[in-house]
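Notes for the one structure printed next.
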Amino acid sequence: ARKKKEKEKAEAEEKRRIAAVVIQRNERGRQARKTLKMKRADAALRLWAVVRIQAAARSMIARRDVVRPLQAVKACEWEQMIIDGAALEVSRMARGFLARRRFQKLVAVREEKATMLSKVYRGHVGRRKAKRVRDDVAHREVHAKMHNNAIIIQSNYRVWVAVRAKERKQYEVREARLQIKFREEAVVRIQ
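Okay, so the sequence shown: first residue is 1 according to the working numbering, each after it adds one.
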């Protein structure tokens, strides 16, 4: 009875240890996911900031390319501009139209590339997440199979021990009967 209690106590202790390990593993996983989420948010914020800075720089460059030629006109040429005002106005409008068109094409190309980059990145993240899920499921299945195999081995061992104990007890009973029989025969021979 004492050994049985000790065995039950040891089994209960082992179950508590396993439960503690599972809880610790789950907590570490939760903390790792939280850290990863914060890192991703930080990376997204940085990417957004980079895109905004690039957009501002491109806008400034495009405006500079349109404004500088107009500022290059010398003050002494204002009289000629008044004379040729209509031609200059048409030219200015044409340059403005062309600059806006170039700028719109640059914006469209940038947005297209940003969309493509975003698609590629989301695909990469999705594939990594799917692989992690597949690996986790496979790990759980292997662990479950190992656990079931351990239970089967333990069960078979206990049956073997019980059968051996029963055989030993039967052997001891046979031996005791034979000794009693020999003693009785010895007593009968002596008399």
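By construction, the Cβ of each residue, glycine as well, lies at the ideal position given by its N, Cα and C atoms.
When rounded, the separation of the alpha-carbon atoms in ALA99 and ARG52 is 21 Å.
Across the structure, ARG92 and THR115 are spaced so that their CA atoms are roughly 34 Å apart. With distances taken between CA atoms, ARG101 lies nearest to SER59 out of TYR121, ARG122, SER59. The three-state reading of DSSP puts ALA150 in helix, counting H, G and I together. LEU106 sits close to ALA62, with the two beta carbons spaced by under 9 Å.
Note on geometry: alpha-carbon atoms of GLU111 and ALA57 lie some 15 Å from one another.
For the alpha helix (DSSP H) assignment, the segment 23-54 encloses no uninterrupted run of at least 4 residues. Within the same chain, and ignoring the five residues on either side of ASP42 in sequence, no residue has its Cβ closer than 8 Å to its Cβ.
Judged by DSSP in its simplified three-state form, ALA1 adopts coil rather than helix or strand. For GLU184 and VAL159, the gap between their C-alpha atoms comes out near 37 Å.
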